[in-house]
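The next block holds one structure in the form of structure tokens; read it before the comments.
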Amino acid sequence: MTRSLPTESIRDVRAHLADVVERADRDDVPTVIARRGKEVAAVVSIEVLRKYQEWEEREINRIIDERMANPTSGTPIEDIMKETLARSE
Numbered sequence: 001m002t003r004s005l006p007t008e009s010i011r012d013v014r015a016h017l018a019d020v021v022e023r024a025d026r027d028d029v030p031t032v033i034a035r036r037g038k039e040v041a042a043v044v045s046i047e048v049l050r051k052y053q054e055w056e057e058r059e060i061n062r063i064i065d066e067r068m069a070n071p072t073s074g075t076p077i078e079d080i081m082k083e084t085l086a087r088s089e
């Protein structure tokens, strides 16, 4: 289950950016930023970003290892890499 995250408009974030950054850093609570009601970005702590990047790299490597262990005959590695990278988006 995905927890609900605080969402603020760009205008509100501009008005109190220091508070938004402090909340992300101190409390590890991301803030979703919306433009015209559409979620477009988020402010997260650097630790959260780095954990996500590490997870993403592990996942990509796992998929590559899986594909390399069970290669599909005739499938170029470039196609496998494209599919693997598309999965992470």
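Each residue of the sequence shown is one higher than the one before, starting from 1 at the first, in our numbering.
Using N, Cα and C, we set each Cβ at its ideal position, and we do this for glycine too.
Everything numeric in this text was worked out from a predicted model, so none of it was measured.
**Prompt:** Since Lys51 sits in a beta bridge, which residues does DSSP pair it with?
**Reply:** For the purposes of this step, residue 51 is taken as residue 51 along the sequence shown, with counting starting at 1. Lys51 pairs with nothing; no bridge assigned.
**Request:** Put Val29 into one of helix, strand or coil per three-state DSSP.
**Result:** Stepping through the sequence shown from its first residue, residue 29 is reached at position 29. Note: Val29 maps to coil in three-state DSSP.
**Prompt:** In whole angstroms, what separates the C-alpha of Asp65 from that of Val29?
**Reply:** Against the sequence shown, residue 65 aligns to sequence position 65. Against the sequence shown, residue 29 aligns to sequence position 29. About 34 angstroms.
**Prompt:** Are Thr31 and Val20 closer than 7 angstroms when you measure CB to CB?
**Reply:** Sequence index remark: in the sequence shown, residue 31 carries index 31 (1-based). Sequence index remark: in the sequence shown, residue 20 carries index 20 (1-based). Yes; because the gap between Cβ atoms is below 7 angstroms, this pair is in contact.
**Message:** Determine whether the beta carbon atoms of Ala24 and Val43 lie at a separation below 7 angstroms.
**Reply:** The residue you call residue 24 lines up with position 24 of the sequence shown. The residue you call residue 43 lines up with position 43 of the sequence shown. Yes, the Cβ-Cβ distance between Ala24 and Val43 is below 7 angstroms.
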